[in-house]
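In this note's numbering, the protein residues as written are 181 to 280.
Have a look at this one:
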């Protein structure tokens, strides 16, 4: 599944936000905010996780990045609400800057 663009971002439960992923880097490349017929973008990357992706599993319920050391799982649990589960990851970096 391709979750890399605003139109195809990971956004279940009729959410106003979408998560954009890149196959080359672990974490969330872009946070898309879909509101009032406009889309705003945050990050680049939004959530940066150290390491390299060995395998990525993308489905309608979640995204899992299997890394050289550890893994990370992203999932929505309600409208506009999502969670990150990290295992074996030393840190994550969040960049909440709006892209212009």
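Every residue, glycine too, gets a C-beta built ideally from N, C-alpha and C.
Computed from a prediction, not measured in an experiment: that's the story for all the values here.
Residue 220 carries a strand assignment under DSSP once its states are collapsed to helix, strand and coil. For residue 279, the closest alpha carbon among the candidates 190, 213, 201 is that of 213. For residue 214, the three-state secondary structure derived from DSSP is strand. Distance between residue 225 and residue 264, taken at the CA atoms: about 15 Å.
For residue 256, the enclosing beta strand (DSSP E) begins and ends at 251-258. A distance below 7 Å between beta-carbons, with the five flanking residues on each side excluded, links residue 189 to the following residues of its chain, in chain order: 183, 198, 199, 200, 212.
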